[in-house]
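Residue numbers (the working numbering), protein chains in the order written: chain H, 1 to 151; chain G, 1 to 151; chain F, 1 to 151. Where is the CB? At the ideal position from N, CA and C, for every residue including glycine.
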């Protein structure tokens with residue numbers, strides 16, 4: 001026996017002129033003006049997204065993530081809030097960690113973002129795994145992500 | 001001209017109290033008691049999943065994978081059974097390799113699991129690529145995944 | 001307020017005997033004979049895919065990508081056309097870069113393909129991040145992807 005629910009849009013606070021491609025699963029979150037949300041996206045409760053952000057297809061934004069203005073989240077980007085500190089997932093949200101993304105942050109496709117803060121004006125390369133906080137603007141890539149030298 | 005089929009739930013053996021978020025594509029597999037299956041998931045034929053597992057959104061579990069009890073498969077996790085040993089995909093299932101996941105294994109989001117065995121009580125970090133069998137409990141991360149030192 | 005559109009198949013040029021698993025989002029692209037397109041896939045406008053290719057679930061193929069014949073794109077593979085050269089996404093397609101995939105190229109699951117050319121008869125490992133053009137047949141893996149020694 002199984003119980004089946006369907007994805008959809010439930011209890012979301014939208015700004016003006018938001019565009020969504022369904023199917024996506026958005027619930028109990030806040031999405032600012034002029035954002036675009038691609039298909040096959042899930043955004044969980046409590047997430048706050050600023051204005052003029054694009055959240056591309058196949059991405060997942062978990063509880064405790066906040067994202068500033070003018071950010072780009074590429075395709076297949078996964079955010080993480082549970083570090084499995086006790087050897088596995090915690091059912092207690094008090095064990096989860098928050099993520100703060102600044103303004104004008106662009107995250108490449110297939111990147112993975114552990115619970116960190118990322119300052120304004122950062123580019124995360126495609127496929128990167130961000131494991132530590134980022135406090136300086138610039139370009140970061142790799143697993144684990146490191147700052148790239150300026151070209 | 002094209003032929004279109006739709007995802008759905010077909011010929012699945014469910015335990016008690018399984019919860020599913022659709023759309024997902026589950027067929028000819030076995031899913032144990034009290035499992036949760038998130039949206040945008042595909043689980044192929046012959047897969048066996050134990051009790052009390054969570055398979056999170058955007059994950060793909062291919063043929064020849066078996067998963068124990070109390071496991072957590074994060075978001076965007078991809079399992080692999082074909083190593084392209086002859087320079088490309090094999091249409092012959094006899095060329096594919098199995099994956100065995102033990103009990104209490106937690107796999108971080110965007111991880112990739114090649115056909116290996118993973119013992120009980122293992123944590124795989126987000127974004128890791130597991131290319132070799134894991135026989136000791138502990139935490140593994142990176143591409144290719146390696147065991148992390150104890151903190 | 002939000003505007004919602006749904007995924008689907010729109011203005012696609014199909015060859016003979018193409019099979020699609022919906023939901024997927026295919027628009028203004030060309031897909032050759034006997035291709036298979038899995039569920040939760042997005043293929044954008046202008047993409048050209050040759051004959052007898054398999055595009056597996058959860059993959060995203062962006063504008064300016066062309067793929068030859070007899071290719072395999074695994075699950076969760078993301079193509080990229082915008083390198084954020086000016087510190088963020090460009091709204092001007094003239095800033096985007098093309099990707100050319102040859103014939104008999106097999107791309108492992110969760111791989112990320114930056115805008116490059118890849119010659120015929122290449123295998124890209126699961127989870128790889130391809131950042132540079134590939135001009136020699138062989139196997140490539142890692143982040144960034146490097147050629148593997150022959151076994």
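Whole-angstrom distance between residue j and residue i, CA atom to CA atom
i                      : j                      : result
residue 13 of chain F  : residue 88 of chain F  : 32 angstroms
residue 96 of chain F  : residue 80 of chain F  : 9 angstroms
residue 158 of chain G : residue 110 of chain H : Summary: the structure shown does not reach residue 158 of chain G, with chain G confined to residues 1 through 151, and so no result is reported for it.
residue 19 of chain G  : residue 133 of chain F : 44 angstroms
residue 93 of chain F  : residue 36 of chain G  : 41 angstroms
residue 15 of chain F  : residue 102 of chain F : 19 angstroms
residue 47 of chain F  : residue 30 of chain F  : 6 angstroms
residue 28 of chain H  : residue 5 of chain G   : 32 angstroms
residue 115 of chain G : residue 17 of chain H  : 46 angstroms
residue 39 of chain G  : residue 98 of chain F  : 32 angstroms
residue 41 of chain H  : residue 3 of chain G   : 26 angstroms
residue 122 of chain F : residue 104 of chain F : 7 angstroms
residue 63 of chain F  : residue 44 of chain F  : 5 angstroms
residue 83 of chain G  : residue 51 of chain H  : 43 angstroms
residue 70 of chain G  : residue 86 of chain H  : 14 angstroms
residue 1 of chain F   : residue 150 of chain G : 49 angstroms
residue 129 of chain G : residue 145 of chain G : 5 angstroms
residue 78 of chain G  : residue 32 of chain H  : 32 angstroms
residue 91 of chain G  : residue 22 of chain H  : 33 angstroms
residue 7 of chain H   : residue 131 of chain F : 35 angstroms
residue 11 of chain G  : residue 49 of chain G  : 15 angstroms
residue 24 of chain G  : residue 24 of chain F  : 12 angstroms
Where the beta strand (DSSP E) containing residue i begins and where it ends
i                      : result
residue 3 of chain G   : 2-6
residue 19 of chain F  : 18-22
residue 124 of chain F : 122-124
residue 139 of chain F : 138-141
residue 99 of chain G  : 99-101
8 angstroms CB neighbourhood of residue i in its chain, flanking five on each side removed
i                      : result
residue 73 of chain H  : 53, 54, 55, 56, 59, 61, 67 and 107
residue 148 of chain F : 125, 138, 139, 140 and 141
residue 34 of chain F  : 15, 16, 17, 18, 51 and 52
6 angstroms CB neighbourhood of residue i in its chain, flanking five on each side removed
i                      : result
residue 9 of chain H   : 26
residue 100 of chain F : 66 and 117
residue 75 of chain G  : 56, 57, 58 and 109
residue 143 of chain F : 129
residue 112 of chain G : 78 and 129
Other residues of its chain near residue i: CB distance less than 7 angstroms, five sequence neighbours each side excluded
i                      : result
residue 135 of chain F : 119
Residue i Cβ short of 7 angstroms to the ligand COA heavy atom set
i                     : result
residue 33 of chain G : The model depicted lacks the ligand COA and carries no ligand whatsoever.
Can you give me, in chain order, the residues of the segment 69-83 of chain G that have a beta carbon less than 7 angstroms from any beta carbon in chain F?
76, 78 and 80
Threshold first: 4 residues or longer. Then list the alpha helix (DSSP H) segments lying entirely within the segment 10-84 of chain F, N to C.
none
Please list, in chain order, the residues of the segment 99-126 of chain F that have any C-beta partner in chain G closer than 7 angstroms.
104, 106, 108, 109, 110, 121, 123 and 126
Beta carbons nearer than 7 angstroms to chain G: which residues of the segment 135-150 of chain F have them?
Those residues of the segment 135-150 of chain F that come within reach of chain G (Cβ to Cβ, closer than 7 angstroms) are 142 and 143.
Using a Cβ-Cβ cutoff of 8 angstroms, what residues of the segment 4-20 of chain H are near chain G? List them in chain order.
4, 5, 6 and 7
Residues, ordered as in the chain, of the segment 36-65 of chain F that lie near chain H by beta-carbon distance below 7 angstroms
40, 42, 58 and 60
Taking beta-carbon pairs under 8 angstroms, can you tell me which members of the segment 84-99 of chain F lie near chain H?
Taken in chain order, the members of the segment 84-99 of chain F whose beta-carbon sits within less than 8 angstroms of a beta-carbon on chain H are 84, 87, 88 and 89.
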